[in-house]
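J.: Residue numbers for the sequence shown follow the working numbering, so the first one is 18 and each next one is one higher. Every residue gets a Cβ at the ideal spot worked out from N, C-alpha and C, and that includes glycine. Since the model is a prediction, treat every value here as computed from it, not as a measurement.
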Amino acid sequence: MHVSKTPFAWNQVAAYDFPTFWSTLQRVHPGEHPVSYFMIAVICFEETGFCNIQQAETPSGLGVGFGQLEVKNPEKKDFYEWAGVETDYHRLAKEMLGDREFSLGVHCQYFQYLTEVKGLRLDGCLSAQVGRHVQYKPLFMTGASMLEDAFDANDRAAYIRALNYARSNSPKKNGIPETLFKEYWEFILPQSWFDYGF
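#1: Does the stretch 125-134 touch the stretch 94-102, meaning 3 or more C-beta pairs lie closer than 8 Å?
#2: Locate the alpha helix (DSSP H) running through Tyr54, then write down its first and last residues.
#3: In three-state terms, what does DSSP make of Glu118?
#4: Across the stretch 51-65 and the stretch 153-163, are there enough close Cβ pairs to call them in contact, namely three or more that are closer than 8 Å?
#5: What do you get for Met18, buried or exposed, if any count of 16 or more other CB atoms within 10 angstroms of its CB means buried?
#6: Quick one: what does DSSP say Glu74 is sitting in, helix, strand or coil?
#7: Look at the alpha carbon of Pro36 and the alpha carbon of Asn90, and state the distance between them as a whole number of angstroms.
#8: For Phe211, count the other beta carbons within 10 Å of its own beta carbon; 16 or more makes it buried, fewer makes it exposed. Which is it?
#9: Contact defined as beta carbons within less than 8 Å: I believe Arg184 pairs with Glu92. What is the distance between those atoms, to the nearest angstrom?
#10: Please classify Phe198 as buried or exposed, where buried requires at least 16 other C-beta atoms within 10 Å of its C-beta.
#11: For Pro194 and Phe96, I'd like the C-alpha separation in whole angstroms.
As structure tokens, this is what we get:
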């Protein structure tokens, strides 16, 4: 389906619907990792609405991908070498933007690196994700818990509340209401996901 009215900066061609996002996560991230599928989903939804895009580059940073991985940070070089990916951040950004599964996989690998190499747990991984924007950590924690409950209940309205939680309660107040973006939500959460699981 074509989404005619889209949220700001969202590009359908670069996006995943939730079923595709979820099945991709299952391929690229271990299910028992401290940063759960539910947590990654709420992070990526808050950052981009499940869209593989790039921020405008600034002198201090460049966010790329579904979860806006900060690729320009010099400290990422060790991670890139560990993951076996391109170490030049411009080339890596281009590769990520050209391949949605690779892009999501790189961000998941970053969380894996933080736990396996740096010895961090969930709180440390969230700190690495949000940087100085620490107010997002409890929003992500609550949103992930809500999403897990929605998943267990197979409740579409609860999915929307959970995914929107961090956006709606952040200083930006940039939730994506279903009343204004009905086609968008039909794309993100197709009824087949709730009826058949895909």
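T.: The answer reads as follows:
#1: yes
#2: As a position in the sequence shown, residue 54 is number 37, starting the count at 1. Tyr54 to Thr65 is the extent of the alpha helix (DSSP H) around Tyr54.
#3: Taking the sequence shown and counting its residues from 1, the one referred to as residue 118 is at position 101. Reduced to three states, the DSSP call for Glu118 is helix.
#4: yes
#5: Along the sequence shown, one-based indexing puts residue 18 at 1. So Met18 counts as exposed.
#6: Mapped onto the sequence shown, residue 74 falls at position 57. Of the three classes helix, strand and coil, the one that applies to Glu74 here is coil, per DSSP.
#7: In the sequence shown, residue 36 corresponds to position 19, counting from 1. In the sequence shown, residue 90 corresponds to position 73, counting from 1. If I take the Cα positions, the gap works out to 31 Å.
#8: The sequence position of residue 211 within the sequence shown is 194, counting from 1. Label assigned to Phe211: exposed.
#9: In the sequence shown, counting from the first residue as 1, residue 184 sits at position 167. In the sequence shown, counting from the first residue as 1, residue 92 sits at position 75. Not confirmed; about 28 Å, so no contact.
#10: As a working note, residue 198 is residue 181 in the sequence shown. Around the beta carbon of Phe198, 16 or more other beta carbons sit within 10 angstroms, so the residue counts as buried.
#11: Here residue 194 refers to the residue found at position 177 when the sequence shown is read from its first residue. Here residue 96 refers to the residue found at position 79 when the sequence shown is read from its first residue. Cα to Cα, Pro194 sits roughly 37 Å from Phe96.
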